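Q: Below are the structure tokens for one structure; questions will follow.
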Amino acid sequence: MYGYRTSSSMKNQERWTFAQLYSSKELIKLGSVLVTCSSLNLVATFSNETNLTIGLSLLILIVILLFIRVESAIKQKFN
3 MYGYRTSSSM
13 KNQERWTFAQ
23 LYSSKELIKL
33 GSVLVTCSSL
43 NLVATFSNET
53 NLTIGLSLLI
63 LIVILLFIRV
73 ESAIKQKFN
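For the sequence shown, the numbering used here gives the first residue as 3, with consecutive numbering after it.
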């Protein structure tokens, strides 16, 4: 199995289905933010190290935000 896998999302099939649908929609939203921020590199000139640091930091932030948003939505819907 793959997809959004946490203990709360795998408690039953209804939660699993909800988490998959919700996380995919959220990932599209957050991914568009990441693409927008990344495209700023086209107009800004940073060193390779700075680009790497900014890119990885944004990616980590997006993953954390995705986790928080999906887990909150699961708790709201099922508790």
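Here a beta-carbon is modelled for each residue, glycine too, at the ideal position from N, C-alpha and C.
A quick note: this is a predicted structure, and the numbers were derived from the prediction, not measured.
1. State the start and end residues of the unbroken alpha helix (DSSP H) segment that holds Y24.
2. Are the CB atoms of I64 and L1 within a distance shorter than 8 Å?
3. Tell me, please, whether the CB atom of C39 is closer than 8 Å to any CB atom in chain C?
4. Identify, in the order they occur along the chain, each residue of the same chain with its Cβ nearer than 6 Å to the Cβ of A75, setting aside the five sequence neighbours on each side.
5. Could you tell me the boundaries of the alpha helix (DSSP H) in which G5 lies?
A: Taking the definition as stated:
1. Q15 to S41
2. Because the chain spans 3 through 81 in this model, residue 1 falls outside it and cannot be assessed.
3. Reference to chain C is not applicable here, since this structure consists of a single protein chain.
4. Y24
5. Run containing G5: none; DSSP gives neither H nor E here.
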